[in-house]
Amino acid sequence: MRACKKTICCYTASVLFIISFLGLWAVSVSSFLLLQPIVESTYYLSAAAKGFGPEKKAARINKPKKLEEGSKKVKGTTYNKAEQAKALEDLAAASAKTVLGRAVALSNNSELPSSREDALFWEMIPSLIVSKFPSASDTDLKRVADFLTHTLNPTLPKDDNEPPNEWRPTQELHAYMPGVGLPRVPFLDTSKLALCRLLEENYETILQEYRALVEDGKEDRFQSVTSLNYEAGWKTLVLFYNGHRIPKFPYHLCPVTTRILETVPIGGRIAGFNRQAPNSGIPLHTDGNNMWLTCQMGIQIPQGDDKAYIRVGPETRYWSNGKCLLYDTTFVHETRNDSLEEERIVLHVDFFNTLSMSDLEIKVMQYIYEIREKFLKAEGSTKVEAQIL
């Protein structure tokens with residue numbers, strides 16, 4: 009019985025956070041639960057919202073629970089269970105006919121995520137996106153639908169019909185949108201991106217802001233954020249987690265850095281100042297997301313022209329103070345700081361590929377990442393290093 013209750017609570021948390029994103033009704037989740045028991049409301053709403061899949065069970069009409077003593081009704085909120093269920097069914101029916109709904113419905117069931125909660129998440133995505141972006145057409149969302157197809161069918165080819173490249177193992181891509189960033193090259197021209205110009209123009213200010221954060225003295229903000237970092241001498245002073253600001257972080261100490269980074273749609277798990285210890289490096293790896301680009305600017309680079317470098321695919325570039333490198337981490341890459349005494353500091357940001365993706369595609373993907381993160385938190389995956397997608 010305890011195990012059953014735990015499963016129900018976990019499942020309920022995952023579904024209810026998704027319901028709260030629909031924004032179709034002026035109700036709060038806590039108020040909505042007054043209408044019917046948690047388990048039945050969870051099952052019925054999830055079944056109605058997905059609109060495709062197992063045959064839906066009929067939901068019993070239950071009287072609203074009485075308000076607990078001392079609690080208050082939400083002003084201006086009227087509940088009509090039948091109308092609410094009908095609205096969900098209409099939304100599901102409409103989204104099932106879209107390019108997104110067809111992509112999910114036609115995916116190979118044998119390759120769907122194994123857990124019931126994870127499968128539910130992806131099946132609800134078409135309804136969520138249709139409600140969030142009602143004016144988006146199938147043409148606008150074609151590549152997002154392709155992203156869903158590849159996410160639900162991870163063994164599909166991810167080569168964009170490009171010839172095989174030993175430096176770019178496409179089988180390791182875990183987040184893939186066809187047609188983005190073609191043709192693929194290890195390093196990109198920094199002059200094509202306003203972000204690089206802004207960073208370089210404000211290098212001295214950013215350097216001072218970095219020093220202010222380090223000298224703040226309240227805590228050591230550097231941390232290892234992935235398994236690669238732990239033994240590789242790489243730590244990060246994190247400014248953004250998963251594209252959003254960190255509660256209670258002293259952004260007043262780095263206003264220019266923050267403002268410039270927020271000129272791009274930040275992606276990835278972290279953005280911030282990366283520290284590489286003397287005589288250390290990160291081994292060869294790939295980041296596996298073809299929708300992102302990575303920009304790094306040298307903040308404090310060891311003296312000498314050949315002490316600190318990054319190799320992306322077959323190409324090697326050296327960091328310089330106040331200069332940016334722009335590269336594609338779907339290529340295998342590694343870093344090295346050969347200085348025996350000096351640390352290497354760079355400002356690092358992953359962001360959605362504004363050179364190749366439309367504004368709508370980026371906003372939709374940001375939305376998917378946002379609700380995916382909340383879903384994982386509801387499931388108990390709250391670690392910084394947890395991969396969102």
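First residue of the sequence shown: 9, per the working numbering; consecutive thereafter. Glycine is no exception: its CB is placed at the ideal position from the N, C-alpha and C atoms. What you are looking at is a predicted structure, and each value in this text was computed from that prediction instead of being measured.
Excluding the 5 residues flanking Asp146 on each side, which residues of the same chain have their C-beta closer than 7 Å to its C-beta?
For the purposes of this step, residue 146 is taken as the residue at position 138 of the sequence shown. If we look at Asp146 and ignore the five residues flanking it on each side, its Cβ neighbours are Thr106 and Val107.
Who pairs with Ala183 in a beta bridge, going by DSSP?
For the purposes of this step, residue 183 is taken as the residue at position 175 of the sequence shown. Ala183 is bridged by DSSP to Asn297.
Let's test the definition: count the other Cβ atoms within 10 Å of the Cβ of Ser118 and tell me whether it reaches 16, buried, or not, exposed.
Reading the sequence shown from its first residue, position 110 is the one you call residue 118. Reliability fails at Ser118, whose pLDDT of 48 lies under 50, so the model's placement of it is uncertain and no value is given.
Roughly how many angstroms lie between the CA atoms of Leu301 and Ala279, to the nearest whole one?
Start at 1 with the first residue of the sequence shown, and residue 301 comes out as number 293. Start at 1 with the first residue of the sequence shown, and residue 279 comes out as number 271. Going from the Cα of Leu301 to the Cα of Ala279 covers about 12 Å.
When the Cα atoms are used, what is the spatial distance from Leu128 to Ile254?
For the purposes of this step, residue 128 is identified with residue 120 of the sequence shown, where counting begins at 1. For the purposes of this step, residue 254 is identified with residue 246 of the sequence shown, where counting begins at 1. Taking the straight line from one Cα to the other gives about 29 Å.
Taking the beta strand (DSSP E) that Tyr335 belongs to, which residues open and close that run?
One-based indexing of the sequence shown puts residue 335 at position 327. Cys332 to Tyr335 is the extent of the beta strand (DSSP E) around Tyr335.
How many Å lie between Pro310 and Asn161 at the Cα?
Position 302 of the sequence shown, counted from the first residue, corresponds to residue 310. Position 153 of the sequence shown, counted from the first residue, corresponds to residue 161. So the alpha carbons of these two residues sit roughly 45 Å apart.
Taking the C-alpha atoms as reference points, what is the distance between Gly296 and Leu99?
Counted from its first residue, the sequence shown places residue 296 at position 288. Counted from its first residue, the sequence shown places residue 99 at position 91. Going from the Cα of Gly296 to the Cα of Leu99 covers about 33 Å.
Measure the Cβ-Cβ separation of Leu355 and Leu196 and say whether it is below 8 Å.
Against the sequence shown, residue 355 aligns to sequence position 347. Against the sequence shown, residue 196 aligns to sequence position 188. The answer is no: Cβ separation not under 8 Å.
How many Å lie between Leu42 and Ala93 at the Cα?
As a working note, residue 42 is residue 34 in the sequence shown. As a working note, residue 93 is residue 85 in the sequence shown. Because Leu42 carries a pLDDT of 30, less than 50, the predicted location of this residue cannot be relied on, and the following value inherits that uncertainty. Taking the straight line from one Cα to the other gives about 15 Å.
Put Glu351 into one of helix, strand or coil per three-state DSSP.
What you label residue 351 is simply residue 343 of the sequence shown in a count that begins at 1. DSSP places Glu351 in coil when its eight states are reduced to three.
From what residue to what residue does the beta strand (DSSP E) around Gln284 run?
Against the sequence shown, residue 284 aligns to sequence position 276. Run containing Gln284: Ile278 to Gln284, per the beta strand (DSSP E) assignment.
Name, in chain order, the residues that DSSP records as bridge partners for Thr302.
As a first step, residue 302 is located in the sequence shown; it is residue number 294 there, counting from the start. According to DSSP, which records beta bridges pairwise, Thr302 is partnered with Tyr335 and Asp358.
Quick one, are the C-beta atoms of Ile214 and Ile318 less than 8 Å apart?
Locating residue 214 in the sequence shown gives position 206, counting from the first residue. Locating residue 318 in the sequence shown gives position 310, counting from the first residue. At least 8 Å separates the beta-carbon of Ile214 from that of Ile318.
Quick one: using the 10 Å Cβ neighbour count with 16 as the cut-off for buried, is Ala202 buried or exposed?
To locate residue 202, count along the sequence shown from 1; it is residue 194. Result: exposed.
Is the CB-CB distance between Arg344 and Trp327 below 8 Å?
Here residue 344 is taken as the residue at index 336 of the sequence shown, counted from 1. Here residue 327 is taken as the residue at index 319 of the sequence shown, counted from 1. Not in contact: Arg344 and Trp327 (Cβ atoms no closer than 8 Å).
Would you decide whether Thr294 is buried or exposed? Buried here means 16 or more other CB atoms lie within 10 Å of its CB.
As a working mapping, residue 294 is identified with position 286 in the sequence shown. Looking at its Cβ environment, which holds 16 or more other Cβ atoms inside 10 Å, Thr294 is buried.
Looking at the structure shown, is Ser288 part of a helix, part of a strand, or coil, going by DSSP?
The count along the sequence shown starts at 1 and reaches residue 288 at position 280. If DSSP states are grouped into helix, strand and coil, Ser288 belongs with the strands.
Could you check what DSSP says for Thr147 in three-state terms: helix, strand or coil?
Sequence index remark: in the sequence shown, residue 147 carries index 139 (1-based). Coil, per DSSP.
Here's a check: name, in chain order, each residue in its chain whose Cβ is nearer than 7 Å to the Cβ of Leu348, leaving out the five neighbours to either side.
Counted from its first residue, the sequence shown places residue 348 at position 340. Hits under 7 Å: Pro286 and Asn287.
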